[in-house]
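> Residue numbering for the sequence shown follows this note's numbering, beginning at 8 and increasing consecutively.
Note that the Cβ used here is the ideal one computed from N, Cα and C, for glycine as well.
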Amino acid sequence: MSLKASIEIAAPPSAVRAKFLDFTSLPSYTRAFESITSPKPGTELVKGDKVSVKLANSPAFSGVIETNTPTHFSWTGSLPFIFTGTHSFYFSPSDTTPNGTTFTQEEFFSGVLGYALMGDNVVGRAVGMKEKTQKGWIRFNEDLKRVLEGEVGGKQ
Numbered sequence: 008m009s010l011k012a013s014i015e016i017a018a019p020p021s022a023v024r025a026k027f028l029d030f031t032s033l034p035s036y037t038r039a040f041e042s043i044t045s046p047k048p049g050t051e052l053v054k055g056d057k058v059s060v061k062l063a064n065s066p067a068f069s070g071v072i073e074t075n076t077p078t079h080f081s082w083t084g085s086l087p088f089i090f091t092g093t094h095s096f097y098f099s100p101s102d103t104t105p106n107g108t109t110f111t112q113e114e115f116f117s118g119v120l121g122y123a124l125m126g127d128n129v130v131g132r133a134v135g136m137k138e139k140t141q142k143g144w145i146r147f148n149e150d151l152k153r154v155l156e157g158e159v160g161g162k163q
């Protein structure tokens with residue numbers, strides 16, 4: 008089970024990645040994340056490092072860094088066997104926006120609750136978590152686009 012949301016941003020991938028990884032600035036331009044904190048502020052995160060993630064209207068969770076490259080950043084958060092999600096952020100050169108970025112969020116869910124809450128089943132549809140999650144990602148993508156395009160003098 009997976010979800011995905013993408014947006015075109017008129018800023019180069021390196022700028023989009025740098026803005027996203029500036030976790031301390033997140034609350035200044037989006038309400039999607041209350042915070043992302045690292046026990047190693049100012050240090051490049053590597054596979055196995057942990058971050059504490061607090062989404063709006065959700066309990067905080069710990070994510071373990073899986074990937075941190077110029078084009079891909081990801082973490083996995085879980086309640087073992089019950090709910091696991093690997094969330095990826097991609098910073099790809101745009102095929103449609105000159106010198107721009109296709110910014111994509113994608114998450115793969117597994118575990119009993121992952122399928123129950125995020126699937127297209129009776130429980131999943133009743134809870135509406137899949138739709139709420141998708142809307143939150145779209146809102147964050149739009150916030151990131153707005154702040155970056157404002158910083159580089161692009162369209163707002």
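1. Where G70 and A22 are concerned, what is the direct C-alpha to C-alpha distance, given to the nearest angstrom?
2. From this set, F40, V58 and M8, which residue's C-alpha is nearest T74's C-alpha?
3. Output the boundary residues of the beta strand (DSSP E) element that contains L62.
4. Which one of A18, T91 and T111 has the shortest CA to CA distance from E158?
5. Taking only runs of the alpha helix (DSSP H) that begin and end inside the region 14-79, which ones reach a length of at least 4 residues, in chain order?
6. Just curious, the beta strand (DSSP E) that S108 is in, first and last residue?
7. For a quick check, are the C-beta atoms of F110 and S99 less than 9 Å apart?
8. On a CA-only basis, which of M8, K11 and D29 is nearest L155? Give me that one, please.
9. Measure from the alpha carbon of F40 to the alpha carbon of each residue in I16, D56, A25 and P66, then state which is nearest.
10. Spatial neighbours of G49 within its chain, please: CB distance less than 8 Å, with the 5 preceding and 5 following residues excluded, ordered by chain position.
11. What do you reckon, is the C-beta of W144 under 8 Å from a heavy atom of the ligand SAM?
12. Can the beta-carbon of P77 be found less than 9 Å from the beta-carbon of P20?
13. Please work out which residues of its chain come closer than 7 Å, Cβ to Cβ, to T103, disregarding the five sequence neighbours upstream and downstream, and give them in chain order.
14. Where does K139 land, buried or exposed, given buried means 16+ other C-beta within 10 angstroms?
15. Whose CA, out of V53, G84 and K142, lies closest to the CA of K61?
16. Taking the beta strand (DSSP E) that T170 belongs to, which residues open and close that run?
Inspection of the coordinates gives the following:
1. As a working mapping, residue 70 is identified with position 63 in the sequence shown. As a working mapping, residue 22 is identified with position 15 in the sequence shown. If I take the Cα positions, the gap works out to 23 Å.
2. By 1-based counting over the sequence shown, the position of residue 74 is 67. The candidate whose alpha carbon is nearest that of T74 is V58.
3. Stepping through the sequence shown from its first residue, residue 62 is reached at position 55. Where L62 is concerned, the enclosing beta strand (DSSP E) stretches over K57 to L62.
4. For this step, residue 158 is matched to residue 151 along the sequence shown. E158 has its Cα closest to that of A18, out of A18, T91 and T111.
5. Within the region 14-79, the complete alpha helix (DSSP H) runs of at least 4 residues are 20-28 and 33-36.
6. Position 101 of the sequence shown holds residue 108. The residue you asked about is not Ser; residue 108 is Thr in the sequence shown. Boundaries of the beta strand (DSSP E) around T108: T108 to S117.
7. Translated into the one-based positions of the sequence shown, residue 110 becomes position 103. Translated into the one-based positions of the sequence shown, residue 99 becomes position 92. It is a contact, given that the beta carbons lie within the stated cut-off.
8. Counted from its first residue, the sequence shown places residue 155 at position 148. L155 has its Cα closest to that of D29, out of M8, K11 and D29.
9. Along the sequence shown, read from residue 1 onward, the residue named residue 40 stands at position 33. Shortest Cα-Cα distance from F40 to any of I16, D56, A25 and P66 involves P66.
10. Within the sequence shown, numbered from 1, the residue matching residue 49 stands at position 42. Cβ within range, chain order: n/a, list empty.
11. The ligand SAM is not part of this structure, which contains no ligands at all.
12. The count along the sequence shown starts at 1 and reaches residue 77 at position 70. The count along the sequence shown starts at 1 and reaches residue 20 at position 13. Result yes, Cβ atoms of P77 and P20 sit closer than 9 Å.
13. The residue labelled residue 103 in the question sits at position 96 within the sequence shown. If we look at T103 and ignore the five residues flanking it on each side, its Cβ neighbours are E15.
14. The residue you call residue 139 lines up with position 132 of the sequence shown. Classification for K139: exposed.
15. Translated into positions along the sequence shown, residue 61 becomes position 54. When each option's Cα is compared against that of K61, the closest is G84.
16. No information on residue 170 is available, as it lies outside the stretch 8 to 163 that the chain covers here.
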